[in-house]
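Here the working numbering is used: position 4 in the sequence shown is 7, and no number is missing along the way.
Beta carbons are placed, not taken as given, at the ideal position from N, Cα and C, and that holds for glycine.
Values in this document were obtained by computation on a predicted structure and should not be read as measured data.
First comes the structure, then the notes that go with it.
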Amino acid sequence: MAKTFLTSPQDLEAAHPELNRDLAVPTDQVERLVARYSYRELDRVNCQLREKDSACNQRHGLGSLALTKSGQKGYIGNKCARGHFNADASFKAIFLEGTRDLNLQRDIDSLTARLTEKKSDTSLKQKLELISSRAKTVETRILSAIRRIPGPIFIRLTRMAGGSDRAIRGEVSEVKIDRDENGKERRVTETEPVTVAIVARPDVLHTGRLSAIRKRASEATAALNVVLTDLPYTAQTKKALAKIAKSLDGADEGAGELDAIEAAFVSFMKLENLASLCWLAPRLQDQLSMVEYYLQLSGKPAKQTDARTQLQAWRDEIERKHKGLTFRAL
Ligand SMILES: [Zn+2]
4 MAKTFLTSPQ
14 DLEAAHPELN
24 RDLAVPTDQV
34 ERLVARYSYR
44 ELDRVNCQLR
54 EKDSACNQRH
64 GLGSLALTKS
74 GQKGYIGNKC
84 ARGHFNADAS
94 FKAIFLEGTR
104 DLNLQRDIDS
114 LTARLTEKKS
124 DTSLKQKLEL
134 ISSRAKTVET
144 RILSAIRRIP
154 GPIFIRLTRM
164 AGGSDRAIRG
174 EVSEVKIDRD
184 ENGKERRVTE
194 TEPVTVAIVA
204 RPDVLHTGRL
214 SAIRKRASEA
224 TAALNVVLTD
234 LPYTAQTKKA
244 LAKIAKSLDG
254 ADEGAGELDA
264 IEAAFVSFMK
274 LENLASLCWL
284 APRLQDQLSM
294 VEYYLQLSGK
304 PAKQTDARTQ
314 LQAWRDEIER
324 KHKGLTFRAL
């Protein structure tokens with residue numbers, strides 16, 4: 004379908020070679036309105052409508068192209084087009100399409116303004132590079148911290164990271180002597196579940212968020228390069244413009260997200276948080292590896308015996324809290 008909304012005289016003349024700008028268009032000679040246009044100030048044209056014996060001649064930028072009964076075409080300003088041909092259904096259809104196109108043009112104008120603003124922000128490129136390298140550094144720090152966490156504990160932590168339950172559970176038990184119906188003695192173990200601690204911010208172990216930030220930063224850099232070299236400005240590229248503007252807006256969000264992730268990492272790596280992680284493993288060897296890691300981070304020498312002593316001290320503490328019952332990690 005031929006374009007019925009045009010934004011430059013060149014486009015309109017190319018699409019409607021029957022245009023005759025010297026033609027007088029009497030109201031009763033108009034067959035129908037065939038196109039609508041919106042021109043810039045410098046492209047304004049004269050209204051060719053003639054009512055009775057008076058020609059309108061008003062200069063205007065917004066109007067409709069009329070097809071005459073003789074097959075020629077002429078410009079009619081918006082005021083005349085509205086006043087004389089408002090009842091024309093085709094005019095209404097064109098008007099709707101024109102409004103849609105005008106809205107599109109307005110969107111593109113505002114996107115272009117946003118992008119021009121970004122273009123003049125000389126620190127943006129540097130900011131994006133900084134986000135990218137900072138994300139890499141944070142990721143490296145988290146990954147090297149993760150590497151020291153024993154496998155079984157790490158697996159349970161990542162499960163906690165996805166869910167909302169962050170409690171470290173165990174049980175305390177007591178062996179009682181009971182008698183059966185024949186009066187014979189038997190040992191009965193009574194257990195009770197206990198929560199040892201709540202893990203702080205295990206979600207920070209998911210480093211996927213950091214790669215996403217890096218990816219967004221490099222997309223924004225690519226978008227910025229497009230803006231810096233050539234700003235597209237056509238209806239076809241509205242989607243592309245919107246995408247570029249959005250990815251550039253995301254630059255500051257990336258910095259904020261990094262702040263949040265770093266804060267979460269600090270909470271996770273606090274010694275009091277790491278001290279309880281050993282109870283996420285039921286095997287002694289894993290518990291001891293975690294305690295060794297803890298001792299190393301706390302600046303104390305990490306020897307196997309120290310780890311055993313420390314683990315026993317924590318166990319004693321839990322058992323004291325539970326009236327001397329025996330504690331077991333689950
Ligand atoms: Zn007029």
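Asked, Found
"Of the listed residues Asp110, His63, Ile156 and Gln32, nearest to Arg286 (C-alpha basis)", "Ile156"
"Leu9 beta carbon less than 8 Å from that of Asp75", "The sequence given here has Gln at residue 75, not Asp. No, the Cβ-Cβ distance between Gln75 and Leu9 is not below 8 Å."
"Buried versus exposed call for Glu256 [16 or more other C-beta atoms within 10 Å across all chains shown]", "exposed"
"Contacts around Val37, its chain only, beta-carbon distance under 6 Å, and the 5 residues preceding and following it disregarded", "Leu68 and Leu70"
"With 16 other Cβ atoms within 10 Å as the buried cut-off, status of Gly77", "buried"
"Which of helix, strand or coil DSSP assigns to Asn30", "It is Thr, not Asn, that sits at residue 30 in the sequence shown. Here Thr30 sits in helix by DSSP."
"Within 8 Å, strictly: CB atoms of Met163 and Arg172", "no"
"Residues near ligand 1, criterion Cβ-heavy atom distance below 7 Å", "Cys50, Leu52, Cys59, Gln61, Ile79, Gly80, Lys82 and Cys83"
"Minimum C-alpha distance to Ala266 - residue among Arg204, Arg117 and Ala148", "Arg204"
"Inter-residue Cα distance where the pair is Lys324 and Ile201", "16 Å"
"Residue range of the unbroken beta strand (DSSP E) whose run includes Arg172", "Ala170 to Arg182"
"Inter-residue CB distance, Val229 and Ile247 (contact presumed, cutoff 8 Å)", "6 Å"
"Asp289 versus Glu174 - alpha carbon distance", "18 Å"
"Start and end residues, alpha helix (DSSP H) containing Thr161", "Gly154 to Gly165"
"Residue from Asp319, Ala284, Glu44 and Leu208 whose Cα sits closest to the Cα of Ala332", "Ala284"
"Beta-carbon proximity of Leu65 to Cys59, cut-off 8 Å", "no"
"Closest Cα partner of Gln315 within the set Arg190, Leu291 and Gly154", "Leu291"
"Between the CA atoms of Leu227 and Met4 - distance to the nearest angstrom", "Here Met4 scores only 41 on pLDDT, less than 50, and its place in the model is too uncertain to base an answer on."
"Length-filtered (4 minimum) alpha helix (DSSP H) runs lying within the stretch 200-236", "211-232"
"6 Å Cβ shell around His209 - same chain, five flanking residues per side excluded", "Ala164"
"Under the three-state DSSP convention, the category Thr192 falls into", "strand"
"Element boundaries [alpha helix (DSSP H), containing Lys76]", "That residue, Lys76, is in no alpha helix (DSSP H); its beta strand (DSSP E) goes Lys76 to Gly80."
"Check whether Lys241 and Asp112 have beta carbons under 8 Å apart", "no"
"Proximity winner among Ser176, Met272, Lys130 and Val191, relative to Gly259 (alpha-carbon distances)", "Lys130"
"DSSP state of His331 mapped onto helix, strand, coil", "With the sequence shown as reference, residue 331 is identified as Arg, and His is not the correct amino acid for it. Correct three-state label for Arg331: strand."
"Cβ pair Val207, Ile134 closer than 8 Å", "no"
"Test item: CB-CB of Arg217 and Ala138 under 8 Å", "yes"
"Endpoints, beta strand (DSSP E) assigned at Glu54", "Leu52 to Glu54"
"Arg151 versus Met293: straight-line alpha-carbon distance, rounded", "8 Å"
"Local conformation of Thr198 per DSSP, three classes", "strand"
"CB of Val178 within 8 Å of CB of Trp282, strictly", "no"
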